[in-house]
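Trainee: Starting off with a structure, shown below.
Residue numbers (the working numbering): -3 to 397.
Structure representation (structure tokens):
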């Protein structure tokens, strides 16, 4: 069967047929109603050769498998105390400059073995999968040494063997300046470019390279060096950009035809046009916006008008978005950022696939795509963007099974 995608799903009036892993679901219909009608006709007429598995989808809505295209799922410890610090008035930036934030998670993650990290991370991936996620991106970035960054990536690869989920790994060594390099950011970036990226590439541990381009992290010039190193190794790039300020990260990422730029609360109007021209996907992270109690929103209307694809992700991490729920992120994208239900669902399927460079295989329901899809007991797909906390998932199919 197909693999998962299209703006919105198809409703099946009779059985869903899965000849191996590639039966056809139409996904090009422009409206939900058209897809519903086509889906009902398709499922009522497909011939079923011997050995075909039949799934009874009567009364269910079928969607692509959900895709969480931005997580920091592998980590040690927790940062619950920071919530109280922020309640008392401390900002994310202030906590980070005091040695908290990312660096507190670095200390906890470095202290854990691969097996300990695996045990800690497994429930988080299960939580996403149980809600319907069939593809999940997992970043490193809490090791900040060669061995610890590779340790995190190996754990992410191992998770894919234990949970029925496509896992895409992203090297985020340029996440924060480790304490042993205090005052020497260029030296650290040199190590990232000359040691960590080559090692991750040589071991086949990383599918992409990410950076945090911000005043509390790394400058555009330093991030450019990371992107150049990734390009030499044939790895696509991504960027945490314009979360706390207009720092120029989006413009830089667009120059490298980045797969995605993420956060974007302070994205400048001119940069919206630049992203549209580069084909880069904008990844919206409402969980971080909510937990940090931010007030500056991403320029959704400008992105919409310019035709920039907008993905939605959980940003699951211990400090600024401890959110093991892509369904809740979909809801927040509408309630906090103003996405329509259709945009929010497309953001966690089709656009999310683009953000990971996987548009050819997942994210829509179409012939030849990977057979990742979900059966929902709902009256209309908009419920998935409006309601959360109630289990509506009837069945989750991953790679046809």
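Note that the Cβ used here is the ideal one computed from N, Cα and C, for glycine as well.
Is it true that the CB of residue 73 sits closer than 8 Å to the CB of residue 113?
Mentor: No; because the gap between Cβ atoms is not below 8 Å, this pair is not in contact.
Trainee: For residue 397, which option in 54, 61 and 87 has the closest C-alpha, if you only look at C-alpha atoms?
Mentor: Measuring from the Cα of residue 397, the nearest candidate turns out to be 61.
Trainee: Pull up the distance between the alpha-carbon of residue 128 and that of residue 317, whole angstroms please.
Mentor: Their Cα atoms are separated by approximately 19 Å.
Trainee: May I ask you to report which of helix, strand or coil DSSP gives residue 244?
Mentor: In this structure, residue 244 counts as coil in the three-state DSSP scheme.
Trainee: Any idea which residues DSSP pairs residue 394 with across the strands?
Mentor: Its beta-bridge partners do not exist; DSSP assigns none.
Trainee: In whole angstroms, what is the alpha-carbon distance linking residue 281 and residue 76?
Mentor: Near 19 Å, if we compare the C-alpha coordinates of residue 76 and residue 281.
Trainee: Can you list, in chain order, the residues of its chain with a C-beta nearer than 8 Å to that of residue 358? Leave out the 5 residues immediately preceding and following it.
Mentor: Here the set comprises -1, 0, 1, 60, 61, 63, 130, 131, 162, 349, 365, 366 and 368.
Trainee: Return helix, strand or coil for residue 382, following the three-state DSSP convention.
Mentor: Looking at residue 382 - three-state DSSP - the assignment turns out to be helix.
Trainee: Cα-Cα, which of 52, 242 and 323 is closest to residue 124?
Mentor: Checking every option, the nearest Cα to that of residue 124 belongs to 323.
Trainee: Along the chain, where does the alpha helix (DSSP H) containing residue 188 start, and where does it finish?
Mentor: Element bounds for residue 188: n/a, residue is neither H nor E.
Trainee: Assuming the contact rule is C-beta atoms closer than 8 Å, residue 265 and residue 243 should be a hit. Round their C-beta distance to whole Å, please.
Mentor: The pair is not a contact, with the Cβ atoms about 15 Å apart (cut-off 8 Å).
Trainee: Leaving aside the five residues before and after residue 102 along the sequence, list all residues of the same chain whose C-beta is less than 6 Å from its C-beta, in chain order.
Mentor: Result list for residue 102: 138 and 140, in chain order.
Trainee: Using 8 Å as the threshold, is the C-beta distance between residue 58 and residue 361 below it?
Mentor: It is a contact, given that the beta carbons lie within the stated cut-off.
Trainee: Pop quiz: residue 153 and residue 166 are said to be a contact at Cβ under 8 Å. What is the actual Cβ separation, rounded to whole angstroms?
Mentor: 12 Å between Cβ atoms; not a contact.
Trainee: So, for residue 261: in the same chain, excluding its five sequence neighbours on each side, which residues have a beta-carbon less than 8 Å away from its beta-carbon?
Mentor: 238, 239, 240, 285, 290, 292, 293 and 294, listed in sequence order.
Trainee: In angstroms, rounded to a whole number, what distance separates the CA positions of residue 327 and residue 296?
Mentor: Taking the straight line joining both Cα atoms gives about 15 Å.
Trainee: Residue 84: buried (16+ other C-beta within 10 angstroms of its C-beta) or exposed?
Mentor: Label assigned to residue 84: exposed.
Trainee: Are the CB atoms of residue 325 and residue 277 nearer to each other than 8 Å?
Mentor: Not a contact, by the Cβ cut-off of 8 Å.
Trainee: In this structure, how does DSSP classify residue 124 when only helix, strand and coil are distinguished?
Mentor: Looking at residue 124 - three-state DSSP - the assignment turns out to be helix.
Trainee: Starting from residue 89, trace the alpha helix (DSSP H) both ways and give me its first and last residue.
Mentor: Taken as a continuous stretch (DSSP letters only), the alpha helix (DSSP H) holding residue 89 covers 88 to 93.
Trainee: Which of the three DSSP states is assigned to residue 58 in this structure?
Mentor: Strand.
Trainee: Give the secondary structure of residue 357 by DSSP, where H, G and I count as helix, E and B as strand, and everything else as coil.
Mentor: It is coil, neither helix nor strand.
Trainee: Considering only the beta carbon of each residue, do residue 340 and residue 381 sit closer than 8 Å?
Mentor: Yes, the Cβ-Cβ distance between residue 340 and residue 381 is below 8 Å.
Trainee: According to DSSP, what are the bridge partners of residue 209?
Mentor: Beta-bridge pairing links residue 209 to 214 and 237.
Trainee: Does the separation of the CB atoms of residue 303 and residue 272 fall below 8 Å?
Mentor: In this structure, residue 272 lies closer than 8 Å to residue 303 by Cβ.
Trainee: Which one of 136, 329 and 270 has the shortest CA to CA distance from residue 202?
Mentor: Checked all of 136, 329 and 270; the closest Cα to residue 202 is 136.
Trainee: Using 8 Å as the cut-off, can you tell me whether the stretch 178 to 193 makes contact with the stretch 218 to 237, which would need three or more C-beta pairs spanning the two stretches below that distance?
Mentor: The stretch 178 to 193 is in contact with the stretch 218 to 237.
Trainee: Where residue 213 and residue 111 are concerned, what is the direct C-alpha to C-alpha distance, given to the nearest angstrom?
Mentor: Looking at the two C-alpha atoms, the distance is approximately 29 Å.
Trainee: Residue 135 lies in the beta strand (DSSP E); which residues open and close that run?
Mentor: 129 to 135 is the extent of the beta strand (DSSP E) around residue 135.
Trainee: In three-state DSSP terms, what is residue 374?
Mentor: Coil, per DSSP.
Trainee: Only counting the same chain, and skipping five residues up and downstream in sequence, which positions put a Cβ closer than 7 Å to that of residue 395?
Mentor: Counting only Cβ-Cβ distances below 7 Å, and skipping sequence neighbours, we find 17, 366, 367 and 368.
Trainee: What is the residue span of the alpha helix (DSSP H) that residue 148 lies within?
Mentor: Run containing residue 148: 142 to 158, per the alpha helix (DSSP H) assignment.
Trainee: Give the straight-line distance between the Cα atoms of residue 199 and residue 314, rounded to the nearest whole angstrom.
Mentor: Near 27 Å, if we compare the C-alpha coordinates of residue 314 and residue 199.
Trainee: For residue 343, count neighbouring C-beta atoms within 10 Å of its own C-beta (all shown protein chains included) and say buried if the count is 16 or more, exposed if not.
Mentor: Buried, since its Cβ has 16 or more Cβ neighbours within 10 Å.
Trainee: Taking only three categories from DSSP, how would you classify residue 172?
Mentor: In this structure, residue 172 counts as coil in the three-state DSSP scheme.
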